[in-house]
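Asker:
Residue numbers (this note's numbering), protein chains in the order written: chain A, 70 to 270; chain B, 70 to 270.
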């Protein structure tokens, strides 16, 4: 806005909202207006929810997840199968796997992937903590659920080496055709992997 | 999320973020994660900006705009031309016109349009306050910048009747081809209006 048309508090709210992923400068204005119109139902509650999250959120010292308690809800859940650890790059991947709801395991968040070009080495990730968790015993399987990128696969191989001799089986996610996916639109690498890993009907 | 995978504070933050226009359930999760990761740069400042806006925002008693002061920044600005009042349906329209930056006038926010089917009559809008402002004198022109919908045009005609005899010229926005618009994609009504209102080169 070229001229000042509203108080600095509203302009600041719009500027900060524009930094939220999914919102841009234009939708931030629309969002701000909607929040202001729904002051009591939305703006107030959202302000306090953010303040509360800001105050309470911490990183789980066991697995690297973010939560309002340490250990996190998942690590503290006694019904979770502690014998299986799913290793993910980031908390968003953990949330995605939980939404899929296929496993009742625990997690380990690496905090990134090995990337020499970006200066990310093993000590910048939580690989040492993972090795300690597995070495402490009771872990039967470590599932490497890293992204299917070059860096992700490099990281997976490095972790596999580090976990050798600790008695846990190390596995990775299957490659293949996405459920609901059309072959015509898939890349050659995925199609080749799906053919190699074909299973009986 | 079927199982609880994070503390109630984080789930509540996601639920509230999902109600912000432009964000849905999926992007609310991504936004929450981003906010948590950028705790100090984004989550904290946004929480306090929202709390401040929530506390200070009020409706301008003169024009119906929302701002953190009453009268609002525009009404309080002595450099604004008080002889011209632009009438809009909602605050979002006021912001849009200000972005266009074509006029240095004051505004009057109706708070909606006449809509007998939805039970919205003249007393539900700020039409009486507009008539008082014009009757108080000093207003040379009232520009009706309502939407080009049936309800908007009905409201414009009603306001024109109410302002008759008060000495102010009542005008409306021009209809025509949007700047940068292609004729091929325009509806017949707009094209006909653009032809009727053709101007010399």
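Ideal placement from N, C-alpha and C gives every residue a C-beta, glycine not left out.
Does DSSP put residue 70 of chain A in a helix, a strand or coil?
Answerer: As a first step, residue 70 of chain A must be located in the first chain, where it is residue number 1. Low confidence applies here, because residue 70 of chain A scores a pLDDT of 41, under 50, leaving its location unreliable and the question unanswered by this model.
Asker: Does chain B have any CB closer than 9 angstroms to the CB of residue 141 of chain A?
Answerer: For the purposes of this step, residue 141 of chain A is identified with residue 72 of the first chain, where counting begins at 1. By this cut-off, residue 141 of chain A is an interface position.
Asker: With the cut-off set at 9 angstroms, would you say residue 195 of chain A and residue 178 of chain A are in Cβ contact?
Answerer: In the first chain, the residue the question calls residue 195 of chain A occupies position 126. In the first chain, the residue the question calls residue 178 of chain A occupies position 109. Yes, Cβ-Cβ distance for residue 195 of chain A and residue 178 of chain A is below 9 angstroms.
Asker: In this structure, what does DSSP give as the bridge partners for residue 210 of chain A?
Answerer: For this step, residue 210 of chain A is matched to residue 141 along the first chain. DSSP, once it has assigned bridges, lists A:153, A:238 as partnering residue 210 of chain A.
Asker: What is the residue span of the beta strand (DSSP E) that residue 182 of chain B lies within?
Answerer: Reading the second chain from its first residue, position 113 is the one you call residue 182 of chain B. That residue, residue 182 of chain B, is in no beta strand (DSSP E); it is neither H nor E in DSSP.
Asker: Using a Cβ-Cβ cutoff of less than 8 angstroms, which residues in the same chain neighbour residue 135 of chain A once the five nearest sequence positions on both sides are dropped?
Answerer: As a working note, residue 135 of chain A is residue 66 in the first chain. Contacts found: 126, 127, 128, 129, 141, 160.
Asker: Can you tell me which of A:221, A:83, A:245, A:228 puts its alpha carbon nearest to the alpha carbon of residue 122 of chain B?
Answerer: The residue given as residue 122 of chain B occupies position 53 in the second chain. Taking only the C-alpha atoms, the option nearest residue 122 of chain B is A:83.
Asker: Under the rule that 16 or more other beta-carbon atoms within 10 Å means buried, what is residue 218 of chain A, buried or exposed?
Answerer: Along the first chain, one-based indexing puts residue 218 of chain A at 149. Looking at its Cβ environment, which holds fewer than 16 other Cβ atoms inside 10 Å, residue 218 of chain A is exposed.
Asker: Are the CB atoms of residue 238 of chain A and residue 206 of chain A nearer to each other than 9 angstroms?
Answerer: Here the question's residue 238 of chain A lines up with position 169 in the first chain. Here the question's residue 206 of chain A lines up with position 137 in the first chain. Their beta carbons are not under 9 angstroms apart, which means residue 238 of chain A does not touch residue 206 of chain A by this criterion.
Asker: Short of 6 angstroms in beta carbon distance, which residues of its chain neighbour residue 199 of chain B, apart from the five on each side in sequence? Order them along the chain.
Answerer: Taking the first residue of the second chain as position 1, residue 199 of chain B is located at position 130. Excluding sequence neighbours, residue 199 of chain B sits near 177.
Asker: Could you tell me the distance, in whole angstroms, from the CA atom of residue 110 of chain B to the CA atom of residue 119 of chain A?
Answerer: To locate residue 110 of chain B, count along the second chain from 1; it is residue 41. To locate residue 119 of chain A, count along the first chain from 1; it is residue 50. Answer to the nearest angstrom: the Cα atoms are 13 angstroms apart.
Asker: Please state the DSSP three-state secondary structure of residue 146 of chain A.
Answerer: Taking the first chain and counting its residues from 1, one reaches residue 146 of chain A at position 77. Reduced to three states, the DSSP call for residue 146 of chain A is coil.
Asker: Would residue 156 of chain A pass as a contact of residue 212 of chain A if the rule is Cβ separation under 9 angstroms?
Answerer: As a working note, residue 156 of chain A is residue 87 in the first chain. As a working note, residue 212 of chain A is residue 143 in the first chain. Yes, these two residues count as a Cβ contact at 9 angstroms.
Asker: Let me know the secondary structure DSSP gives residue 103 of chain A once reduced to three states.
Answerer: Mapped onto the first chain, residue 103 of chain A falls at position 34. DSSP places residue 103 of chain A in helix when its eight states are reduced to three.
Asker: Run through the DSSP bridge pairs and tell me what residue 177 of chain A is partnered with.
Answerer: Along the first chain, one-based indexing puts residue 177 of chain A at 108. The partner list for residue 177 of chain A (beta bridge, DSSP) reads A:156.
Asker: Under 8 angstroms between beta-carbons, which chain A residues line up against residue 74 of chain B? List them in chain order, please.
Answerer: Residue 74 of chain B sits at position 5 when you count from the first residue of the second chain. Here the neighbours are 142, 143, 163, 164, 167.
Asker: Report yes or no: is there a C-beta of chain E within less than 9 angstroms of the C-beta of residue 259 of chain A?
Answerer: In summary, chain E is missing from the structure at hand, where the protein chains are A and B.
Asker: With 9 angstroms set as the bound, which would you pick, yes or no: does the beta-carbon of residue 226 of chain A sit closer than that to a beta-carbon of chain B?
Answerer: By one-based count along the first chain, residue 226 of chain A stands at place 157. No, because no Cβ of chain B sits closer than 9 angstroms to the Cβ of residue 226 of chain A.
Asker: Measure from the C-beta of residue 77 of chain B to each C-beta in chain A and report whether the shortest distance is under 9 angstroms.
Answerer: In the second chain, counting from the first residue as 1, residue 77 of chain B sits at position 8. Yes, contact with chain A.
Asker: Just to check my reading of the structure: residue 124 of chain B and residue 216 of chain B have Cβ atoms closer than 8 angstroms, yes? What is that Cβ distance to the nearest angstrom?
Answerer: Position 55 of the second chain holds residue 124 of chain B. Position 147 of the second chain holds residue 216 of chain B. 32 angstroms between Cβ atoms; not a contact.
Asker: Please say whether residue 175 of chain A and residue 143 of chain A have beta carbons closer to each other than 9 angstroms?
Answerer: Translated into positions along the first chain, residue 143 of chain A becomes position 74. Translated into positions along the first chain, residue 175 of chain A becomes position 106. Result yes, Cβ atoms of residue 143 of chain A and residue 175 of chain A sit closer than 9 angstroms.
Asker: Going by DSSP, what residue range makes up the alpha helix (DSSP H) through residue 117 of chain A?
Answerer: Indexing the first chain from 1 puts residue 117 of chain A at position 48. Its alpha helix (DSSP H) spans residues 113 to 125.
Asker: Are the Cβ atoms of residue 87 of chain A and residue 77 of chain A separated by less than 9 angstroms?
Answerer: Here residue 87 of chain A is taken as the residue at index 18 of the first chain, counted from 1. Here residue 77 of chain A is taken as the residue at index 8 of the first chain, counted from 1. For residue 87 of chain A and residue 77 of chain A, no; Cβs fall outside 9 angstroms.
Asker: With DSSP run on the structure shown, which of helix, strand or coil describes residue 219 of chain B?
Answerer: Reading the second chain from its first residue, position 150 is the one you call residue 219 of chain B. It is helical.
Asker: With residue 80 of chain B as the anchor, note down where its alpha helix (DSSP H) starts and where it stops.
Answerer: Here residue 80 of chain B refers to the residue found at position 11 when the second chain is read from its first residue. Residue 80 of chain B -> alpha helix (DSSP H) spans 77 to 86.
Asker: Could you name the residues that DSSP lists as bridge partners for residue 136 of chain B?
Answerer: If you number the second chain from 1, residue 136 of chain B lands on position 67. Partner(s): B:127.
Asker: Closest to residue 151 of chain B by CA distance: which of B:131, B:105, B:108, B:117 is it?
Answerer: Start at 1 with the first residue of the second chain, and residue 151 of chain B comes out as number 82. Residue 151 of chain B has its Cα closest to that of B:131, out of B:131, B:105, B:108, B:117.
Asker: For the region 113 to 131 of chain A, which residues have a beta carbon sitting closer than 8 angstroms to at least one beta carbon of chain B?
Answerer: Correct list: 113, 114, 115, 116, 117, 118, 119, 120, 121, 122, 123, 125, 126.
Asker: Mind pulling the chain A residues with CB within less than 8 angstroms of residue 136 of chain B?
Answerer: The residue you call residue 136 of chain B lines up with position 67 of the second chain. Result: 75, 76, 79.
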